[in-house]
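Here the structure comes first, spelled out in structure tokens, and everything after it is commentary.
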Ligand code: BG6
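In full-length UniProt numbering, the protein residues as written are 6 to 482.
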């Protein structure tokens, strides 16, 4: 179903994100028949070039990152929607031209795919040249600040010209199908929700493991580290979706109010509840300091945390979070380990084991529920644990190729005017308010991150974070 007619302007259209995600994503929505016939996608950046040159650039990006055949007629049709205006974010050149391209009656959305230091300039120019009005939507990307003060300042700059309802802050994890599925699993089934509390849940593990390192983006990453790059945003969002109370409706503020309450209920972290790691070179792989080109770097490429939520539902149930680069496998999952049954009626030596629900976010999206059954055979009442395993692709008869990418979904939500999967300003600030003291304590210390081998499961020290609580991490594989 096509969305309403729109003019989408991409500031930073010659940049990496536009090439890798935004343009290929829009193309896929075009193939799906969602882009209206008259919709315009206008690239804007400093480079001086005309519409045709930008179309050629976009074509190359879509061919490379969208894996599309160069000679495709559909691609040629899509490129007709594209235009380009050369704009100087800090100067006045190009803005009148941009204004003349915007059509009355169409939805106007502006994607700020630029450094956050330019947000203010873009917002101010859009207002001053009369390009933006009360219906304009703007889209901004992470990093949304690098601490509470800078995030607050960015919010203030944007709010000078736009209302909160006009600002779409992207966290691409919220656009992932399985992340949205978390809400469906929790709130469209009666099975899980009654057990979803500390009375029945022993602990929760959230893992986002990556095999990639930081080569090529070391200059950004080295100033950021895993807490700023992954925990403050993506991991926090996952935690919120698992821990939040049922919203009264799947609507933007209802959902975001509940997420905010979780963030506000996070206990400050104790120093012993965090382990930082940095990958080191092995025979076949370079180490972090090589990739980041900073031999003295103390930046963490891995972090494991034990998080407590101070509210009725979660009192006494820890959430263990870990994320890292150059780990042995790419896997993201959420595992909910339930408590053991209070009493066993069977003589079986081991007795029943705790049920576990694992939600796999990527790859091979699906769910796995471990349940106890009787071991088959005449040997008496022996218990064994088996998985009820479901891959979403199998269950839905889909090989996954039609699954929209996070960006596609989110860009279309902007055009539809649905903010449910975008972060509200207060949410982002609350997340920084929680991570700031963790970062400050580290930056004020001289401690070095724990080394771990590239291609391993992370630092040994992270194992101890669990072992001291008589628990263990799930294997990364
Ligand atoms: C980005 C981070 O936001 O998310 C990257 O900046 C990280 O460091 C990426 O690799 C992970 O996203 P995905 O979709 O590959 O899990």
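A virtual CB, placed ideally from N, CA and C, is assigned to each residue, including glycine.
Within a Cβ cutoff of 6 angstroms, which residues of the same chain sit near residue i, ignoring the five residues on either side of it in sequence?
{"i": "residue 100", "result": "130, 134"}
{"i": "residue 374", "result": "362, 393"}
{"i": "residue 410", "result": "30"}
{"i": "residue 238", "result": "147, 176"}
{"i": "residue 413", "result": "30, 33, 34"}
{"i": "residue 13", "result": "46, 114"}
{"i": "residue 377", "result": "357, 388, 390"}
{"i": "residue 297", "result": "219, 223, 227"}
{"i": "residue 345", "result": "359"}
Applying the 10 Å Cβ sphere with the 16-neighbour rule, what's the burial state of residue i?
{"i": "residue 33", "result": "buried"}
{"i": "residue 181", "result": "buried"}
{"i": "residue 176", "result": "buried"}
{"i": "residue 260", "result": "buried"}
{"i": "residue 142", "result": "buried"}
{"i": "residue 160", "result": "buried"}
{"i": "residue 196", "result": "exposed"}
{"i": "residue 214", "result": "buried"}
{"i": "residue 98", "result": "exposed"}
{"i": "residue 328", "result": "buried"}
{"i": "residue 113", "result": "buried"}
{"i": "residue 257", "result": "buried"}
{"i": "residue 447", "result": "buried"}
{"i": "residue 82", "result": "exposed"}
{"i": "residue 234", "result": "buried"}
{"i": "residue 43", "result": "exposed"}
{"i": "residue 268", "result": "buried"}
{"i": "residue 461", "result": "buried"}
{"i": "residue 424", "result": "buried"}
{"i": "residue 315", "result": "exposed"}
{"i": "residue 463", "result": "buried"}
Give the single residue among the options whose Cα lies nearest to the Cα of residue i.
{"i": "residue 343", "options": "35, 185, 200", "result": "200"}
{"i": "residue 286", "options": "98, 331, 49, 446", "result": "331"}
{"i": "residue 122", "options": "19, 52, 158, 381", "result": "158"}
{"i": "residue 335", "options": "117, 345, 370, 358", "result": "370"}
{"i": "residue 293", "options": "436, 62, 421, 222", "result": "222"}
{"i": "residue 357", "options": "391, 329, 383", "result": "391"}
{"i": "residue 422", "options": "386, 225, 172", "result": "172"}
{"i": "residue 299", "options": "319, 228, 360", "result": "228"}
{"i": "residue 91", "options": "275, 103, 82, 85", "result": "103"}
{"i": "residue 18", "options": "115, 212, 73", "result": "115"}
{"i": "residue 455", "options": "379, 308, 384", "result": "308"}
{"i": "residue 387", "options": "414, 372, 420, 350", "result": "350"}
{"i": "residue 270", "options": "279, 87, 250", "result": "250"}
{"i": "residue 426", "options": "71, 174, 263", "result": "174"}
{"i": "residue 184", "options": "368, 56, 444, 445", "result": "368"}
{"i": "residue 165", "options": "191, 194, 126", "result": "126"}
{"i": "residue 72", "options": "48, 28, 420", "result": "28"}
{"i": "residue 469", "options": "325, 40, 255", "result": "325"}
{"i": "residue 444", "options": "254, 310, 253", "result": "310"}
Residue i: beta carbon under 7 angstroms from a heavy atom of ligand 2?
{"i": "residue 228", "result": "Ligands displayed in this structure: ligand 1; ligand 2 is not among them."}
Which same chain residues, not among the five before or five after residue i, have their C-beta less than 8 angstroms away from its C-beta?
{"i": "residue 187", "result": "243, 246, 247, 339, 364"}
{"i": "residue 153", "result": "434, 437, 438, 441"}
{"i": "residue 453", "result": "283, 303"}
{"i": "residue 54", "result": "62, 89, 91"}
{"i": "residue 482", "result": "333, 334, 336"}
{"i": "residue 74", "result": "68, 80"}
{"i": "residue 119", "result": "16, 17, 20, 94, 127"}
{"i": "residue 151", "result": "228, 229, 233"}
Excluding the five sequence neighbours on either side, which residues of its own chain have a C-beta within less than 7 angstroms of the C-beta of residue i, listed in chain order?
{"i": "residue 265", "result": "431, 432, 435"}
{"i": "residue 313", "result": "272, 323"}
{"i": "residue 124", "result": "117, 145, 159, 162, 163"}
{"i": "residue 36", "result": "79"}
{"i": "residue 84", "result": "60, 63, 64"}
{"i": "residue 466", "result": "280, 455"}
{"i": "residue 477", "result": "471"}
{"i": "residue 480", "result": "none"}
{"i": "residue 320", "result": "203"}
{"i": "residue 231", "result": "305, 306, 307, 308, 328, 329"}
So does the region 9-24 actually touch the region 59-69, counting three or more Cβ pairs closer than 8 angstroms? yes
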